[in-house]
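2 protein chains.
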Amino acid sequence: MAEKVTIADVARHASVSRQTVSNVLNTPEMVREETRDRVLRAVEELGYRVNQAARRMRTGRSRLLAVRIESTQDGMNVFDRFLHGLTESAARAGYRVILYTADDDRSEIGTFDDLLGAYEPDAFVLTSTHFGDVRTSWLAEHGLAFVTFGRPWGTPDGGAHPWVDVDGAAGTAAATRHLLDAGHRRIGFIGWPEGSGVGEDRRGGWARTLVARGDRPEPLERRTDGSASGGEAAARELIAAGATALVCVSDSVALGALQAGDVPVIGFDDTPVAGAVGLTSLSQPLAEAAARCVGVLTALLDSGLPNSGLPGSGASRTPEHVLLEPSLVIRRSA
Amino acid sequence: MAEKVTIADVARHASVSRQTVSNVLNTPEMVREETRDRVLRAVEELGYRVNQAARRMRTGRSRLLAVRIESTQDGMNVFDRFLHGLTESAARAGYRVILYTADDDRSEIGTFDDLLGAYEPDAFVLTSTHFGDVRTSWLAEHGLAFVTFGRPWGTPDGGAHPWVDVDGAAGTAAATRHLLDAGHRRIGFIGWPEGSGVGEDRRGGWARTLVARGDRPEPLERRTDGSASGGEAAARELIAAGATALVCVSDSVALGALQAGDVPVIGFDDTPVAGAVGLTSLSQPLAEAAARCVGVLTALLDSGLPNSGLPGSGASRTPEHVLLEPSLVIRRSA
DNA sequence: TACTGCGATTTGAACGATCAAACCGATTTA
DNA sequence: TAAATCGGTTTGATCGTTCAAATCGCAGTA
């Protein structure tokens, strides 16, 4: 049956007042130990669970994190694993993830507003940050808590807001070194069109590793639309230009490059395909990234809320920035 | 700033009472047109949005749909696209999707309980239904609204609960016919281990199409663990056994089969990889499936709630069952 | 003895919405 | 003319929790 256990039931069962039960749950240190135990036992026995709607009404905190679910553009992506990790970490911290969709930045901002009116999520997790991202400034202006998975590309201040990201450059640098160690001297890179922060980051790791050896990287670089067929065409060109091994900006492109000939290829993201076809690839620590996002947010929320408007408390601390290293998963392809 | 517009603000602004505003929003037909317009204008001007927490406290309805996010086992899967569709359809119907994770059925049932206590989702959407699924009976016993994406495999009653699914047999039958039309006479099938409802369903469409022509399918069938390498091995065997074309239970397996030789291959699920490598595959109408799930649930919720305990109303109607057809996406591989 | 201080606990009010019942003015019915 | 009906609207109570203030018992101090 639909047992509906309220705080009053627990209070009665433990012979204390409602408020004492509330205190046990929210500020246990201010309740005498003996009382606390009695209340906790009652909570246990009755199977009490706090009603978030009622709590939220009083406190304005919903214990919800809002995340946009992306529309899996064309490629194989990585978002679902991040989302899974986020859901898990959030649950551990007593939060739940609520989803929304949006076609573009403007409509996403509209959705912020809707969500805030109806469900009052405590914070937002943004992904796919990009040049000229207006979402972060909107959230900041409204004093809302949020973290981005992805650096704030293109903003000179290096990000006035907290973010978590994976160091793409470190990844491609590791991949390039791996190929150098195997004896390759002419290592090509297949990238995305200019203007993508992630793309330039990944390109950078490859380039700087070659430059550090005194090589000029440019001749062995090609940009593609990110498709497998684009990757295959680019790989043919690079092989013709003398490349003996290839680092790719994504698994999608790498998958195409594999068709182009018998040179070692390294992809990025370690998507399921990579495992299936034996593609060496860079694996993002997505579960950890998600956990760090949750960590950043809970820290932010547990200290002075950003939207409390108070100038003091945690508001003035510099926002946290977390950069994680991807790891090279070595398979047959390189 | 954090404008907080309540129903009382709207009421004042429109010179009516709180309840009239509430009526305009919930039962507009009982408000005089002139008043209704005035209230709607006030809602618009003030940017009012109903506070779900307050509404839920009074009504017990949260306008949340709970969905478990799966842990992307090994393979490339299809869940993320379903989830995206679900979020979109739900939003259109005034609902939001809240996520949870679970390691197995038992812990999932525990999570049902937690969620119901804390967030009171109006309904659950279950995926990955399987033989002996205890989750559906738990939900049914507790009088909760839910729909499964996937048939209730193995229950003789054909499902006492509503479900939405994609007709896998119809898909593989279409694939098989496509190969027959191309002139193939010895068409193999690479499947999953016995005991999977989805796997047997997909196998069935291939088998019955051959049987209808008077052929014996068994000699050209192999079961695998679902991996690409398993698919490759099975494909080699089948080709050696005389198969000139292959229908596969998944894209993962099909990807392996492609490596085995130069015979036509058809996969299932039309994952991003299929597009990348030119694999002909069966595409599930996931957005529509998601929309139908939402449709089934809203119908259920808008009629007599199942958990209202009332024997009358919509409870006695037979639950809705929706079976959708996948479509064959023809690419280079077949 | 009376006052102050303090930790632990209780009480009343409030969050924002909806339900149920009351109310009101105009019309119909007896 | 009084009563009943009816559409439209308003009023009071309530959902379950937490905040703020009040209360209580007890020890320390003047």
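In the order they appear, the protein sequences are chains A and B.
In terms of this note's numbering, the first sequence opens at residue 227 and continues consecutively.
In terms of this note's numbering, the second sequence opens at residue 227 and continues consecutively.
The C-beta atom is built at its ideal place from N, Cα and C for all residues, glycine as well.
- prompt: Should Asp331 (chain A) and Asp359 (chain A) be called a contact, given that it needs their Cβ atoms to be closer than 8 Å?
  reply: By 1-based counting over the first sequence, the position of residue 331 (chain A) is 105. By 1-based counting over the first sequence, the position of residue 359 (chain A) is 133. Yes; because the gap between Cβ atoms is below 8 Å, this pair is in contact.
field: At least 3 beta-carbon pairs within less than 8 Å: the segment 331-345 of chain B vs the segment 266-283 of chain A
entry: Verdict: yes, contact present.
- prompt: In whole angstroms, what is the alpha-carbon distance linking Gly417 (chain B) and Ala467 (chain A)?
  reply: Along the second sequence, read from residue 1 onward, the residue named residue 417 (chain B) stands at position 191. Along the first sequence, read from residue 1 onward, the residue named residue 467 (chain A) stands at position 241. Their Cα atoms are separated by approximately 43 Å.
field: Buried/exposed call for Asn252 (chain A), threshold 16 Cβ in 10 Å
entry: Translated into positions along the first sequence, residue 252 (chain A) becomes position 26. Looking at its Cβ environment, which holds fewer than 16 other Cβ atoms inside 10 Å, Asn252 (chain A) is exposed.
- request: Give the straight-line distance between the Cα atoms of Ser539 (chain B) and Gly397 (chain B), rounded to the nearest whole angstrom.
  value: In the second sequence, residue 539 (chain B) corresponds to position 313, counting from 1. In the second sequence, residue 397 (chain B) corresponds to position 171, counting from 1. Its pLDDT being 39, under 50, Ser539 (chain B) is placed unreliably in this model, and the value from its coordinates should be taken loosely. The alpha-carbon atoms of Ser539 (chain B) and Gly397 (chain B) are separated by roughly 37 Å.
query: Identify the residues that DSSP records as bridge partners of Val491 (chain B): which are they?
result: For the purposes of this step, residue 491 (chain B) is taken as residue 265 along the second sequence, with counting starting at 1. Looking at the DSSP output, Val491 (chain B) sits in a beta bridge with B:Leu472.
- prompt: So does the segment 438-455 of chain A actually touch the segment 408-424 of chain A, counting three or more Cβ pairs closer than 8 Å?
  reply: yes
- request: Figure out for me which residue from A:Glu271, A:His547, A:Gly493, A:Asp495 has the closest Cα to the Cα of Val236 (chain A).
  value: Counting from 1 along the first sequence, the entry for residue 236 (chain A) is found at position 10. If we check each option's Cα against that of Val236 (chain A), A:Glu271 comes out closest.
message: Quick check on this structure: which residue in B:Ala268, B:Ser478, B:Val491 has the alpha carbon closest to the alpha carbon of Ile556 (chain B)?
response: Translated into positions along the second sequence, residue 556 (chain B) becomes position 330. Nearest option by C-alpha distance: B:Val491.
- request: Give the DSSP-derived three-state secondary structure of Gly425 (chain B) in the structure shown.
  value: Taking the first residue of the second sequence as 1, we reach residue 425 (chain B) at position 199. Looking at Gly425 (chain B) - three-state DSSP - the assignment turns out to be helix.
query: Leu464 (chain B) and Thr313 (chain A): beta carbons closer than 8 Å?
result: Walking along the second sequence from the start, residue 464 (chain B) turns up at place 238. Walking along the first sequence from the start, residue 313 (chain A) turns up at place 87. Cβ distance not < 8 Å, so Leu464 (chain B) and Thr313 (chain A) don't count as in contact.
query: What residues in the segment 317-330 of chain A have a beta carbon less than 8 Å from any beta carbon of chain B?
result: For chain B, the residues of the segment 317-330 of chain A that bring a beta carbon within less than 8 Å of one of its beta carbons are Ala317, Arg322, Val323, Ile324, Leu325, Tyr326, Thr327, in chain order.
- request: Specify the secondary structure class of Ile556 (chain B) as computed by DSSP and reduced to three states.
  value: Here residue 556 (chain B) corresponds to residue number 330 of the second sequence, with the count starting at 1. Three-state result, Ile556 (chain B): coil.
Contact set for Cys519 (chain A): own chain, Cβ-Cβ below 8 Å, skip 5 residues either direction: On the first sequence, residue 519 (chain A) is found 293 positions in, with the first residue counted as 1. Once the five neighbours on either side are set aside, the close Cβ partners of Cys519 (chain A) are Leu312, Ser315, Val351, Val373, Phe375, Val390.
message: Which same chain residues end up closer than 8 Å to Pro254 (chain A) when comparing Cβ atoms and leaving out the 5 residues on each side of it in sequence?
response: Your numbering for residue 254 (chain A) matches position 28 in the first sequence. The residues are Arg262.
Segments assigned beta strand (DSSP E), at least 3 residues, entirely inside the segment 320-355 of chain B: Secondary structure within the segment 320-355 of chain B: the beta strand (DSSP E) runs of 3 or more consecutive residues, fully enclosed, are 322-326, 349-353 (chain order).
message: Quick check on Arg361 (chain B): does DSSP put it in helix, strand or coil?
response: What you label residue 361 (chain B) is simply residue 135 of the second sequence in a count that begins at 1. It is helical.
field: Rounded straight-line distance, which links the Cα of Glu420 (chain B) to that of Val489 (chain A)
entry: Taking the first residue of the first sequence as 1, we reach residue 489 (chain A) at position 263. Taking the first residue of the second sequence as 1, we reach residue 420 (chain B) at position 194. Cα-Cα distance, rounded: 39 Å.
field: Under 9 Å by beta carbon: chain B residues contacting Ala366 (chain A)
entry: What you label residue 366 (chain A) is simply residue 140 of the first sequence in a count that begins at 1. None at all; the shortest Cβ gap to chain B is about 14 Å.
- request: Could you tell me if Ser507 (chain B) is buried or exposed, where buried requires 16 or more neighbouring beta carbons within 10 angstroms of its beta carbon?
  value: By 1-based counting over the second sequence, the position of residue 507 (chain B) is 281. Result: buried.
field: Sequence-distant residues of its chain with Cβ nearer than 7 Å to Cys474 (chain B) (five each side left out)
entry: To locate residue 474 (chain B), count along the second sequence from 1; it is residue 248. Same-chain partners within the cutoff: Ile416, Gly457, Ala480, Ala483, Val491, Ile492, Gly493, Phe494.
- prompt: Taking 7 Å as the cut-off, does the CB of Gln278 (chain A) come closer than this to any heavy atom belonging to the ligand ZN?
  reply: Among the components of this structure there are no ligands whatsoever, and the ligand ZN is therefore not found.
task: Taking His310 (chain A) as the query, report the chain B residues whose CB atoms sit under 7 Å from its CB, ordered along the chain.
output: In the first sequence, the residue the question calls residue 310 (chain A) occupies position 84. Correct list: Ile295, Ser297, Thr298, Thr327.
field: Neighbourhood of Arg402 (chain B) by C-beta distance below 8 Å, restricted to the same chain and skipping five residues each side
entry: Here residue 402 (chain B) corresponds to residue number 176 of the second sequence, with the count starting at 1. Going by the sequence as given, residue 402 (chain B) is Thr instead of Arg. Residues of the same chain with a CB within less than 8 Å of the CB of Thr402 (chain B), apart from the 5 flanking positions on each side, are Ile413, Gly431, Trp432, Thr435, Leu436, Val473 in chain order.
- request: Hey, could you find the ends of the alpha helix (DSSP H) Ser297 (chain B) is sitting in?
  value: Here residue 297 (chain B) corresponds to residue number 71 of the second sequence, with the count starting at 1. That residue, Ser297 (chain B), is in no alpha helix (DSSP H); it is neither H nor E in DSSP.
query: For Arg238 (chain A), does the three-state DSSP call read helix, strand or coil?
result: What you label residue 238 (chain A) is simply residue 12 of the first sequence in a count that begins at 1. Arg238 (chain A) falls in the helix class under three-state DSSP.
- prompt: For Thr362 (chain A) and chain B, any beta-carbon pair shorter than 8 Å?
  reply: Here residue 362 (chain A) refers to the residue found at position 136 of the first sequence. No, no contact with chain B.
- request: Return yes when the Cβ of Gln510 (chain A) is within less than 8 Å of the Cβ of Val242 (chain A), no when it is not.
  value: For the purposes of this step, residue 242 (chain A) is taken as residue 16 along the first sequence, with counting starting at 1. For the purposes of this step, residue 510 (chain A) is taken as residue 284 along the first sequence, with counting starting at 1. Taking 8 Å as the Cβ cut-off, Val242 (chain A) and Gln510 (chain A) do not qualify as a contacting pair.
- prompt: Thr362 (chain A) and His387 (chain A): beta carbons closer than 8 Å?
  reply: Start at 1 with the first residue of the first sequence, and residue 362 (chain A) comes out as number 136. Start at 1 with the first residue of the first sequence, and residue 387 (chain A) comes out as number 161. For Thr362 (chain A) and His387 (chain A), yes; Cβs fall inside 8 Å.
Members of the segment 268-285 of chain A near chain B, C-beta cut-off 9 Å: Gly273, Tyr274, Arg275, Val276, Asn277, Gln278, Ala279, Ala280, Arg281, Arg282, Met283
Members of the segment 465-480 of chain A that neighbour chain B once the beta carbon cut-off is set at 8 Å: Those residues of the segment 465-480 of chain A placed with their C-beta closer than 8 Å to a C-beta in chain B are Ser478, ordered along the chain.
field: For Ala371 (chain B): DSSP bridge partner residues
entry: As a first step, residue 371 (chain B) is located in the second sequence; it is residue number 145 there, counting from the start. B:Ala349.
query: the segment 337-361 of chain A: which residues have C-beta closer than 9 Å to a C-beta of chain B, in chain order?
result: Thr337, Asp339, Asp340, Leu341, Leu342, Gly343, Ala344, Tyr345, Glu346
Close beta carbons around Arg462 (chain B), own chain, < 8 Å, minus the five adjacent residues each side: For the purposes of this step, residue 462 (chain B) is taken as the residue at position 236 of the second sequence. Contacts found: Ala486, Gly487.
- prompt: Under three-state DSSP, which class holds Ser507 (chain A)?
  reply: Residue numbering aside, residue 507 (chain A) sits at position 281 when the first sequence is read from its first letter. Here Ser507 (chain A) sits in strand by DSSP.
Alpha-carbon spacing of Ser288 (chain B) relative to Val392 (chain A), whole angstroms: On the second sequence, residue 288 (chain B) is found 62 positions in, with the first residue counted as 1. On the first sequence, residue 392 (chain A) is found 166 positions in, with the first residue counted as 1. Near 36 Å, if we compare the C-alpha coordinates of Val392 (chain A) and Ser288 (chain B).
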